[in-house]
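*Asks:* Let me begin by handing over the structure; questions about it come next.
Numbering (full-length UniProt numbering), first residue to last: 1 to 148.
What follows is the structure in structure tokens.
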């Protein structure tokens, strides 16, 4: 089928047609659809990435791929997107004391008071030690107000 092909439907056949919506693969993430149509032309070479092809293929219960066989092969064999530019490995290998999160005193008091462990107002000072710095992990959501 070429793009210029036209189809005619009689009035009685209109019930067989459904409204379809186009969206990007990125927008379709975490969603599932009864049927999907994926277009894979070789003209947009940089978009032929394995992770995008996987995401696209796994969105629908029924799948129709429109495009060139070569484009599918390029996407499946693509290594693009496999390397993530992150400092996670470096962060995990660093000593724990270097990973301490520094937060302002008012935020420390907010988090600690939310969990029922607030120090007395008199003992709180602007300068805190590394041992007293807290991380958000395990404290749950922070309230939006600063304790009085």
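All residues carry an ideal CB built from backbone N, CA and C; glycine is no exception.
Determine the direct distance from the alpha carbon of residue 26 to that of residue 90, and round the result to whole angstroms.
*Replies:* The residue labelled residue 90 in the question sits at position 90 within the chain shown. The residue labelled residue 26 in the question sits at position 26 within the chain shown. Those two C-alpha atoms are separated by around 28 Å.
*Asks:* To which residues of the same chain is residue 37 closer than 7 Å at the C-beta, ignoring the five residues directly before and after it?
*Replies:* As a first step, residue 37 is located in the chain shown; it is residue number 37 there, counting from the start. Counting only Cβ-Cβ distances below 7 Å, and skipping sequence neighbours, we find 64 and 66.
*Asks:* If you reduce the DSSP assignment to three classes, tell me which class residue 74 lands in.
*Replies:* As a position in the chain shown, residue 74 is number 74, starting the count at 1. Looking at residue 74 - three-state DSSP - the assignment turns out to be helix.
*Asks:* Three Cβ pairs or more, each shorter than 8 Å: is that satisfied between the region 5-14 and the region 36-55?
*Replies:* Not touching, per the Cβ criterion.
*Asks:* Roughly how many angstroms separate the alpha carbons of residue 111 and residue 85, rounded to a whole number?
*Replies:* As a working note, residue 111 is residue 111 in the chain shown. As a working note, residue 85 is residue 85 in the chain shown. About 31 Å.
*Asks:* Report yes if the C-beta of residue 57 is less than 7 Å from at least one heavy atom of the ligand ATP; otherwise report no.
*Replies:* As presented, the structure is devoid of all ligands, the ligand ATP included, so that no description of it is given.
*Asks:* Check this for me: beta carbons of residue 41 and residue 75, under 8 Å apart or not?
*Replies:* Indexing the chain shown from 1 puts residue 41 at position 41. Indexing the chain shown from 1 puts residue 75 at position 75. Cβ distance not < 8 Å, so residue 41 and residue 75 don't count as in contact.
*Asks:* Is residue 58 helix, strand or coil by DSSP?
*Replies:* Translated into the one-based positions of the chain shown, residue 58 becomes position 58. Here residue 58 sits in coil by DSSP.
*Asks:* On the DSSP letters alone, give me the boundaries of the alpha helix (DSSP H) that residue 40 sits inside.
*Replies:* On the chain shown, position 40 is the one that residue 40 refers to. Looking at the DSSP string, residue 40 is not in any alpha helix (DSSP H); the run it does join, the beta strand (DSSP E), is 33-40.
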